[in-house]
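Visitor:
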Amino acid sequence: MKNQDVAKIFREIADILEIKGENPFRIRAYQRAARNIEATSEDIELLVKENRLEEIPGVGSDLADKIKEIVTSGKLKFLEELKKDIPQGLVDMLNIPGIGPKTAKLLHERLGINDVIMLERMAHAGKISNLPGIKEKTVENILRGIELLKRGQGRMDLKTATDVANFFVNQLKNIKELKKIDPAGSLRRMKETVRDIDILVSSTKPEKVMDYFTKLPEVKDVLAKGPTKSSILTKDNIQVDVRVIEDASYGAALMYFTGSKEHNIKLRQLAMKKGLKLNEYGLFRDNKRIAGRTEAEMYKALGLCYIVPELREDRGEIELALEKRLPKLIELSDIKGEFHVHSNWSDGGSSIEEIVERARAMGYEYIAIADHSQGLKIAGGLDRNKLKEKRKEIDRLKKRYNDIAILYGTEVDIDSDGKLDYPDDILREMDVVIAAIHAGFKQSKEKMTNRIVKACQNRYVDIIAHLTGRLWGAREPYELDLEKVFKVCKETGTLLEINSFPQRLDLNDINCRMAKGFGVKFVINTDAHIAEQLGLIKYGISVARRGWLTREDIINTLPLDEVRKNLKRR
DNA sequence: GCCGTTTTCGGCCCGACTGTTTTCAGTCG
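Set out below in structure tokens:
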């Protein structure tokens with residue numbers, strides 16, 4: 006039983022309680038607990054064993070008992086009972102944008118609607134417009150909501166989100182009355198995936214901004230349009246929200262729209278304790294604004310040091326900011342090189358020379374060319390002979406460049422028994438060895454863990470790449486006993502990669518923080534397959550920052566001679 | 001259901017937009 010499984014059960018309970026019209030604060034308690042369980046870096050089973058569940062914020066004696074029941078028996082009587090009253094289909098209906106618990110309940114009680122399909126049929130047949138509060142427009146919105154749900158308004162990766170946001174920001178900059186503009190929301194917090202794009206604007210002419218925004222040619226559908234706030238859907242079904250605010254409130258609004266929701270709630274509670282009121286317009290004492298123009302001013306007025314967006318998740322950052330003890334997080338400019346780049350010797354698209362040129366342009370001091378190993382035929386893995394030729398090419402280039410070190414590396418495959426795809430005599434010759442799993446993802450947790458552990462124990466393996474194998478929208482992370490892996494990494498001096506590729510971002514933020522707790526060290530790599538993708542490193546940096554990592558945790562912030570001391574002896 | 005240098009009971013973040021309603025409930029973030 007994983008933390009996410011427990012969180013999922015609590016969320017389901019919250020949904021059912023909402024439909025039943027239960028006490029909203031009780032519902033929020035389940036949601037809060039779900040979120041904190043998911044965010045905690047400690048394994049829920051361990052917390053049960055050590056009787057430390059109530060250390061999780063939002064978990065009291067009642068929820069602790071429920072967690073124990075879930076972890077020990079695999080199910081929860083309370084939920085089974087709830088499910089008897091509310092059909093699953095009704096809970097699913099809450100996923101339709103525009104349908105909340107009240108509407109779902111109304112549709113169920115008055116018309117016996119039990120799921121999304123039935124709702125769609127009844128709506129088309131004109132049978133739901135007789136209900137109180139539901140007329141033509143509402144029916145239209147429900148049908149549109151169902152369409153959105155069907156098309157799967159999923160989450161997009163961080164790069165896609167960045168590109169869309171930049172596009173709209175640049176468009177809006179054409180408005181001459183526009184003063185400030187910033188993407189906010191989970192994108193500004195650099196969350197691994199983003200659901201919609203929030204953009205904050207300050208302007209003397211809010212209506213003009215709203216008109217211009219909602220009439221852009223890329224807009225397919227206007228979901229809402231008011232004098233200061235509008236939401237649209239792009240042709241790719243991405244929701245973009247723009248909010249206009251005046252300069253005096255810009256910092257407060259940026260803080261508010263950056264979130265997270267949980268971070269905001271805690272800040273408001275803090276403000277209340279000080280007898281202040283916090284909203285998106287500023288921080289107020291007796292209706293007099295005492296801060297609002299900038300975020301820095303807001304945090305200061307709350308008695309906190311500035312909290313960077315990546316940390317704003319209510320994972321302890323506010324408590325540390327009160328004591329002015331927040332860590333100094335790693336920054337892009339700390340990076341001195343990387344180790345995981347594929348060239349056209351295997352499945353990459355750029356020559357080694359092109360990669361080296363790019364790395365030099367980025368100011369790197371070293372770059373490792375790590376192509377796939379022989380077993381990975383589809384990825385053009387290199388056999389012994391090809392390796393020799395590649396080595397010659399690297400040696401030739403080394404003579405040409407004296408301002409950057411070109412390292413001879415590999416991404417060697419870990420087979421289904423945990424054996425490596427190259428023998429030791431080949432690995433010994435490498436400057437740096439990365440090991441990774443590329444097949445056999447469906448093995449048991451125990452087997453998967455043992456494969457990784459065995460690789461870590463190899464005296465030539467320096468780094469484990471993309472540890473959990475997750476690919477957004479394509480593959481779930483594979484089953485792994487992470488604590489065991491982290492322990493072995495620490496013992497064997499094996500480094501863990503933070504993979505910057507937007508579909509991977511693996512390790513994720515929570516696992517980074519957990520691994521750091523075990524004393525593990527990291528490298529941030531791109532897994533670039535063309536030279537240009539070396540620029541993706543910024544996304545890996547953001548994961549590390551969200552994982553509370555500092556420069557000291559990341560080996561490729563060090564100069565090369567120091568890096569060598571952190572690699573295994575050859 | 002949680003939580004407490006105001007509290008073990010009585011609070012629990014706050015505002016914009018929509019559609020339906022003549023003043024507001026529902027939904028969303």
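Following the numbering used here from start to finish, the first sequence increments by one per residue and tops out at 575. By construction, the Cβ of each residue, glycine as well, lies at the ideal position given by its N, Cα and C atoms.
Closest to Q508 by CA distance: which of Q274, A441, L541, I101 is it?
Guide: Working through the first sequence from its first residue, we reach residue 508 at position 503. Answer by Cα proximity: L541.
Visitor: Give the straight-line distance between the Cα atoms of A34 and A128, rounded to the nearest whole angstrom.
Guide: Indexing the first sequence from 1 puts residue 34 at position 29. Indexing the first sequence from 1 puts residue 128 at position 123. Rounded to the nearest whole angstrom, the CA to CA distance from A34 to A128 is 34 angstroms.
Visitor: Buried or exposed: which applies to L389, given that a residue is buried once 16 or more other Cβ atoms fall within 10 Å of its Cβ?
Guide: On the first sequence, position 384 is the one that residue 389 refers to. Looking at the sequence itself, residue 389 is Arg, so the reference to Leu does not match. Under the 10 Å beta carbon count, R389 is surrounded by fewer than 16 other beta carbons and is classified as exposed.
Visitor: Could you tell me which residues DSSP puts in a beta bridge with V206?
Guide: The count along the first sequence starts at 1 and reaches residue 206 at position 201. I186, V249.
Visitor: By DSSP, does N171 sit in helix, in strand, or in coil?
Guide: Your numbering for residue 171 matches position 166 in the first sequence. In the structure shown, N171 sits in a helix (DSSP, three-state: H, G or I).
Visitor: Looking only at its own chain, which residues have a Cβ that is under 7 angstroms from the Cβ of P332, when we skip the five neighbours before and after it?
Guide: Position 327 of the first sequence, counted from the first residue, corresponds to residue 332. Closer than 7 angstroms at Cβ, skipping near neighbours: W553, T555.
Visitor: Is it the case that the CB of I237 approaches a heavy atom of the ligand HEM more closely than 7 angstroms?
Guide: The ligand HEM is absent from the structure shown, which contains no ligands of any kind.
Visitor: Take every Cβ of the segment 23-32, pair it with every Cβ of the segment 52-72, and state whether three or more of those distances are shorter than 8 angstroms.
Guide: Counting C-beta pairs with one atom in each stretch, the segment 23-32 and the segment 52-72 have fewer than three that are closer than 8 angstroms, which means they do not touch.
Visitor: Using the rule of at least 16 other Cβ atoms within 10 Å of the residue's Cβ for burial, across every protein chain shown, is R464 buried or exposed?
Guide: Counting from 1 along the first sequence, the entry for residue 464 is found at position 459. That one is exposed.
Visitor: Can you give the Cα-Cα distance for V245 and D430, rounded to whole angstroms?
Guide: Locating residue 245 in the first sequence gives position 240, counting from the first residue. Locating residue 430 in the first sequence gives position 425, counting from the first residue. Between V245 and D430, the C-alpha separation is close to 55 angstroms.
Visitor: Where does Q379 fall in DSSP's three states?
Guide: As a working note, residue 379 is residue 374 in the first sequence. Note: Q379 maps to coil in three-state DSSP.
Visitor: Quick check on the burial criterion: 16 or more other C-beta atoms within 10 angstroms. Buried or exposed for E300?
Guide: Here residue 300 is taken as the residue at index 295 of the first sequence, counted from 1. Classification for E300: buried.
Visitor: Taking all protein chains shown into account, decide if E145 is buried (16 or more other Cβ within 10 angstroms of its Cβ) or exposed.
Guide: Stepping through the first sequence from its first residue, residue 145 is reached at position 140. Exposed, by the Cβ-count rule.
Visitor: Comparing C-alpha positions only, which one of L412, F491, D558, L512 sits nearest to L565?
Guide: Residue mapping note: residue 565 aligns to position 560 of the first sequence, counting from 1. When only C-alpha atoms are compared, the closest one is L412.
Visitor: Mind checking which residues open and close the beta strand (DSSP E) that includes E398?
Guide: Counting from one through the first sequence, the residue named residue 398 turns up at place 393. Here E398 belongs to no beta strand (DSSP E); instead the alpha helix (DSSP H) covers 389-405.
Visitor: Give me the residue from L327, N561, E496, G524 with the minimum Cα distance to N504.
Guide: Within the first sequence, the letter at position 499 stands for residue 504. Out of L327, N561, E496, G524, N561 has the C-alpha closest to the C-alpha of N504.
Visitor: Kindly provide the ranges of any alpha helix (DSSP H) runs that are 4 or more residues long and lie completely inside the segment 51-95, ordered along the chain.
Guide: 66-78, 82-90
Visitor: When you compare the CB positions of N119 and L95, do they come within less than 8 angstroms of one another, or not?
Guide: On the first sequence, position 114 is the one that residue 119 refers to. On the first sequence, position 90 is the one that residue 95 refers to. Going by C-beta atoms, N119 is nearer than 8 angstroms to L95.
Visitor: Note down, in chain order, each residue of its chain lying with its Cβ closer than 7 angstroms to the Cβ of G63, except the 5 sequence neighbours on either side.
Guide: Here residue 63 refers to the residue found at position 58 when the first sequence is read from its first residue. Result list for G63: A34, R37, A38, N41, in chain order.
Visitor: Do N513 and V568 have their C-beta atoms within less than 8 angstroms of each other?
Guide: To locate residue 513, count along the first sequence from 1; it is residue 508. To locate residue 568, count along the first sequence from 1; it is residue 563. Contact flag unset, no.
Visitor: Considering just the uninterrupted stretch of the alpha helix (DSSP H) at E567, what are its terminal residues?
Guide: Numbered from its first residue, the first sequence carries residue 567 at position 562. 565-571 is the span of the alpha helix (DSSP H), which, as asked, contains E567.
Visitor: Need the endpoints of the alpha helix (DSSP H) that K234 sits in, please.
Guide: Mapped onto the first sequence, residue 234 falls at position 229. Counting along the chain, K234 falls outside any alpha helix (DSSP H), though it belongs to the beta strand (DSSP E) covering 234-239.
Visitor: When you compare the CB positions of I243 and M123, do they come within less than 8 angstroms of one another, or not?
Guide: The count along the first sequence starts at 1 and reaches residue 243 at position 238. The count along the first sequence starts at 1 and reaches residue 123 at position 118. Not a contact, by the Cβ cut-off of 8 angstroms.
Visitor: Fully enclosed by the segment 287-313, which beta strand (DSSP E) runs are 3 residues long or longer?
Guide: 287-290, 293-296
Visitor: With distances taken Cα to Cα, identify the nearest neighbour of S546 among Q538, T531, D420, E537.
Guide: Within the first sequence, the letter at position 541 stands for residue 546. The displayed chain sequence assigns Ile, not Ser, to residue 546. Ranking Q538, T531, D420, E537 by Cα distance to I546 puts T531 first.
Visitor: If you run the structure through DSSP and keep just helix, strand and coil, what is Q538?
Guide: Position 533 of the first sequence holds residue 538. Of the three classes helix, strand and coil, the one that applies to Q538 here is helix, per DSSP.
Visitor: Between the C-alpha atoms of F506 and L116, what's the straight-line distance to the nearest angstrom?
Guide: Residue mapping note: residue 506 aligns to position 501 of the first sequence, counting from 1. Residue mapping note: residue 116 aligns to position 111 of the first sequence, counting from 1. C-alpha separation (whole angstroms): 48 angstroms.
Visitor: Using 8 angstroms as the threshold, is the C-beta distance between M98 and I49 below it?
Guide: As a first step, residue 98 must be located in the first sequence, where it is residue number 93. As a first step, residue 49 must be located in the first sequence, where it is residue number 44. With a cutoff of 8 angstroms on beta-carbon distance, M98 and I49 are scored as not near each other.
Visitor: In chain order, what residues of the same chain lie with their CB nearer than 8 angstroms to the CB of V76, ignoring the 5 residues before and after it?
Guide: Numbered from 1 along the first sequence, position 71 holds the residue referred to as residue 76. For V76, where only same-chain residues beyond five positions count, the Cβ hits under 8 angstroms are M6, V11, I49, E50, V53.
Visitor: In the DSSP assignment, the alpha helix (DSSP H) including Y261 goes from what residue to what residue?
Guide: In the first sequence, residue 261 corresponds to position 256, counting from 1. Looking at the DSSP string, the run of the alpha helix (DSSP H) that includes Y261 is 255-263.
Visitor: Determine the direct distance from the alpha carbon of P211 to that of E182, and round the result to whole angstroms.
Guide: In the first sequence, the residue the question calls residue 182 occupies position 177. In the first sequence, the residue the question calls residue 211 occupies position 206. Approximately 9 angstroms between the Cα atoms of the pair.
Visitor: Would you report the Cα separation of S348 and H534, rounded to the nearest angstrom?
Guide: Locating residue 348 in the first sequence gives position 343, where the first residue counts as 1. Locating residue 534 in the first sequence gives position 529, where the first residue counts as 1. Cα to Cα, the separation comes out at about 7 angstroms.
Visitor: Following the continuous beta strand (DSSP E) through Y413, name the residue where it begins and the one where it ends.
Guide: Here the question's residue 413 lines up with position 408 in the first sequence. DSSP places Y413 in the uninterrupted beta strand (DSSP E) bounded by 410-418.
Visitor: Apply the 10 Å Cβ neighbour rule to T209 and answer buried if 16 or more other Cβ atoms are within range, or exposed otherwise.
Guide: In the first sequence, residue 209 corresponds to position 204, counting from 1. The residue is exposed, with fewer than 16 neighbouring Cβ atoms inside 10 Å.
Visitor: Going by DSSP in three states, Q274 sits in which element: helix, strand or coil?
Guide: Translated into the one-based positions of the first sequence, residue 274 becomes position 269. Correct three-state label for Q274: helix.
Visitor: Check whether the segment 354-364 and the segment 326-340 are in contact - that is, three or more C-beta pairs closer than 8 angstroms.
Guide: Counting C-beta pairs closer than 8 angstroms gives fewer than three between the segment 354-364 and the segment 326-340, which falls short of the contact rule.
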